[in-house]
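Enquirer: There's a structure below that I have some questions on.
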Amino acid sequence: ALAGIVWSLFLTHTRLSVPALTGAIMCMGTATDNSILVVSFARERLAAHGNAVAAAIEAGYARIRPVIMTALAMIIGMLPMSFSNSQNAPLGRAVIGGLLVATFATLLFVPCVFAIMHRNDKKATESHQ
């Protein structure tokens, strides 16, 4: 999310300000919530069948709609603010840029990292039994 925030502020020639930092906090909170949604579903699937790669793929596939709906609702809600000339325009720009990058990271990067981190979980539980 932070990379998207920085790039969106840079590309729109927006200075770092209190509204931009407020938007960054909002964006990172939403991005974290979306990532938690994917990881918790992947953990449930991992507990069900023990295959980390399959659990990550299932989590990415099953949670794509809620993650995209959450991000799109926030992005669409911030569009009027980001196009305005008000002092709060940096807030909208930070949220939009951050959520665009964070949504792709949540749906692609988070499941990959989950699969890598949990690839040996089944072997570890079998060796203890």
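By the count of our numbering, the sequence shown reaches residue 1509 at its end, each step adding exactly one. Yeah, the Cβ is synthetic: ideal placement off N, Cα and C, and Gly gets one too.
Is it true that the stretch 1464-1475 meets the stretch 1386-1400, where meeting means three or more beta-carbon pairs spaced less than 8 angstroms apart?
Expert: Counting Cβ pairs under 8 angstroms, three or more are found: they touch.
Enquirer: So Ala1474 and Gly1403 are supposed to be a Cβ contact under 8 angstroms. How far apart are they, rounded?
Expert: Sure, about 3 angstroms apart at Cβ, within 8 angstroms.
Enquirer: Look at the alpha carbon of Val1419 and the alpha carbon of Ala1428, and state the distance between them as a whole number of angstroms.
Expert: Cα to Cα, Val1419 sits roughly 14 angstroms from Ala1428.
Enquirer: Got a sec? Which residues, its chain only, sit under 8 angstroms from Val1336 by beta carbon, not counting five neighbours each side?
Expert: Absent from the structure is residue 1336, since the part of the chain shown begins at 1381 and ends at 1509.
Enquirer: When you compare the CB positions of Gly1478 and Ile1385, do they come within less than 8 angstroms of one another, or not?
Expert: Yes, these two residues count as a Cβ contact at 8 angstroms.
Enquirer: Once the 5 residues before and after Leu1487 are set aside, which same chain residues still bring their CB inside 7 angstroms of it?
Expert: Closer than 7 angstroms at the Cβ level, and outside the excluded window around Leu1487, lie Gly1440, Ile1444, Val1447.
Enquirer: When the Cα atoms are used, what is the spatial distance from Thr1394 to Ala1451?
Expert: Roughly 22 angstroms separates the two Cα atoms.
Enquirer: Among Val1490, Ile1476, Cys1492, whose alpha-carbon lies nearest the alpha-carbon of Ile1405?
Expert: Of the candidates Val1490, Ile1476, Cys1492, the one whose C-alpha sits nearest the C-alpha of Ile1405 is Ile1476.
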